[in-house]
């Protein structure tokens, strides 16, 4: 069972943590990507997106050095679709799977050009956010503070004092607390996985994938 990616070979990334589904391919340093934000189900759009990306590059699954998926936080159905599809594709050629937090994708979407600290927020429903603090130093992302689930009043003050930028996905329950900071409303995108590869947790495709679901989708 292989869990060591070959980062010199093409890499495929998939995100299905929100209603927007995206896929991206990195081949010889060039990134191509597709994103679908319509009403079609992830099961209907994801595999065709992947096929188009691979065909355009003249590649197939056997050519990949690794497959990266967003492991949440995110929607139950979307995460399951992405994980199942990635595991199925990877199992055929024992391709390593990389699991990456959706919050890391949000932070990476800020695309800083210099050292920066980014607060990533994802709507967890019930007036709560999943949140994590990331640092971009010397061209590499690091997790500065472990992600957690917070009500607005419980968001750590040091995070707000340290952050240079805020990336928000979904409703913003802490708008008053981050009003003094530059912020951007967005969704996680597969293409941003390639700038956060060092945060991936790599495993063999035979291992169970640990997914983090939005709370009320599994608790009612």
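Numbering (our numbering), first residue to last: 1 to 220.
Glycine included, every Cβ here is placed at the ideal spot set by N, Cα and C.
First and last residue of the uninterrupted alpha helix (DSSP H) at residue i
| i | result |
| --- | --- |
| residue 76 | 76-91 |
| residue 106 | 102-108 |
Residue i beta carbon near the ligand ZN (any heavy atom closer than 7 Å)
| i | result |
| --- | --- |
| residue 20 | Only the bare structure without any ligand can be found here, which leaves the ligand ZN out of the picture. |
Anticipated Cβ contact below 8 Å, residue i with residue j, distance rounded
| i | j | result |
| --- | --- | --- |
| residue 113 | residue 133 | Not a contact, Cβ separation roughly 19 Å. |
| residue 53 | residue 194 | So it is not a contact: roughly 13 Å between Cβ atoms. |
| residue 18 | residue 75 | 6 Å |
| residue 100 | residue 71 | 6 Å |
| residue 181 | residue 166 | 5 Å |
| residue 5 | residue 139 | Not quite, the Cβ-Cβ distance comes to about 19 Å (not below 8 Å), so this is no contact. |
Of the listed residues the options, nearest to residue i (C-alpha basis)
| i | options | result |
| --- | --- | --- |
| residue 130 | 49, 120, 159, 64 | 120 |
| residue 44 | 31, 188, 20, 90 | 20 |
| residue 73 | 187, 202, 61 | 187 |
| residue 200 | 159, 109, 173, 66 | 66 |
| residue 110 | 185, 42, 159 | 185 |
| residue 9 | 176, 25, 106, 15 | 25 |
| residue 69 | 22, 142, 158, 159 | 22 |
| residue 107 | 144, 79, 76 | 144 |
| residue 7 | 197, 212, 213, 211 | 197 |
| residue 211 | 189, 165, 102, 36 | 102 |
| residue 191 | 158, 136, 104 | 104 |
| residue 115 | 141, 99, 13 | 141 |
| residue 224 | 161, 81, 55, 172 | Look at the range of the chain in this structure, 1 to 220, and you will see that residue 224 is not part of it. |
| residue 57 | 30, 146, 172 | 30 |
| residue 189 | 3, 4, 5, 16 | 16 |
| residue 51 | 175, 34, 203, 38 | 34 |
| residue 137 | 5, 32, 4, 164 | 164 |
| residue 162 | 78, 98, 32, 135 | 135 |
| residue 13 | 41, 202, 175 | 202 |
N-terminal and C-terminal residue of the beta strand (DSSP E) that residue i is part of
| i | result |
| --- | --- |
| residue 71 | Looking at the DSSP string, residue 71 is not in any beta strand (DSSP E), and its letter there is neither H nor E. |
| residue 133 | 128-137 |
| residue 199 | Element bounds for residue 199: n/a, residue is neither H nor E. |
| residue 144 | 140-151 |
| residue 116 | 116-123 |
Min CB distance residue i to chain C below 8 Å
| i | result |
| --- | --- |
| residue 114 | Going by chain labels, chain C is absent from the structure shown, which holds only one protein chain. |
Inset, instruction - Note down, one range per segment and in chain order, each beta strand (DSSP E) of at least 3 residues found wholly within the region 9-46. - result: List check, beta strand (DSSP E) in window: 11-15, 21-27, 30-36.
Legend entry - Inter-stretch contact (C-beta, 8 Å, three-pair minimum) for the region 191-210 and the region 116-127: no
Legend entry - Those runs of the alpha helix (DSSP H) which lie wholly inside the region 162-197 and span at least 4 residues: List check, alpha helix (DSSP H) in window: nothing returned.
Legend entry - Cβ contact (3+ pairs, closer than 8 Å) linking the region 93-104 and the region 149-158: no
Inset, instruction - Would you check if the region 74-87 and the region 56-66 touch, i.e. whether three or more CB-CB distances between them fall below 8 Å? - result: Flag = no, the region 56-66 and the region 74-87 do not touch.
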